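Its first residue numbered 1187, the sequence shown is counted upward by one per residue in my numbering. Worksheet: one structure, shown below.
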Amino acid sequence: MTFLTTSCAGCSAPVALDMSCLLVAVVKDDEVPGRLAYICPACRELRCEFVSMANVTALLAAGGTAMHVDFRLPELVHQTSGPPLTADDLIDFHAELTTADGPETLFGGDRGAQ
Ligand SMILES: [Zn+2]
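Here is the structure:
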């Protein structure tokens, strides 16, 4: 097990926290976006602290749990053509997946061809 040793921001007790008990978050568009949350084993209060993005990365790599990571998603650059899928299309697709031939027939039996 890996532990983070720190001082509780509330009661100042030195604590050793199992990395699996830490919640790490990135708050989008915040001036200091990194957050660390844990329950102090000494005072049993939920503590939230600011952490640098470098420490967010290190905490996640060491086994901290990502509570909510909100990175901006890239814009959709590939526009599809054709009409949008309907409920009937999904029902037909499900029926094709459950046929005896399986989904191979949906792709012409040669899934590697483009
Ligand atoms: Zn405490």
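For each residue, glycine too, the CB sits at the ideal point set by N, CA and C. Note that the coordinates shown come from a computational prediction; the quantities given were computed from them, not determined experimentally.
| Item | Value |
| --- | --- |
| Would you please state the rounded distance, in angstroms, between the beta carbons of V1237 and L1245? I believe it to be under 8 Å. | 7 Å |
| Using 8 Å as the threshold, is the region 1222-1242 in touch with the region 1196-1210, meaning 3 or more CB pairs across them? | yes |
| Skipping 5 residues on each side, what residues in its chain have a beta carbon closer than 6 Å to that of A1299? | Any reading at A1299 needs caution, since the residue's pLDDT is 46, under 50, leaving its predicted position unreliable; the model's value is listed next. Excluding residues within five positions, none has a Cβ falling inside 6 Å. |
| V1138 and V1242: beta carbons closer than 9 Å? | Past the boundaries of the shown model lies residue 1138; the chain is included only from 1187 to 1300, so the question cannot be answered. |
| By alpha-carbon positions, which one of T1191, T1285, F1279, L1222 ends up nearest to V1212? | L1222 |
| Using the three-state DSSP reduction, which class does A1223 fall into: helix, strand or coil? | strand |
| What are the boundary residues of the alpha helix (DSSP H) that includes D1274? | 1273-1283 |
| For E1217 and M1239, I'd like the C-alpha separation in whole angstroms. | 11 Å |
| Taking the beta carbon of L1259 as the centre, do at least 16 other beta carbons fall within 10 Å, making it buried, or is it exposed? | Any reading at L1259 must be qualified, since the residue scores a pLDDT of 47, below 50, and its modelled position is unreliable; the value itself is stated next. Flag for L1259 reads exposed. |
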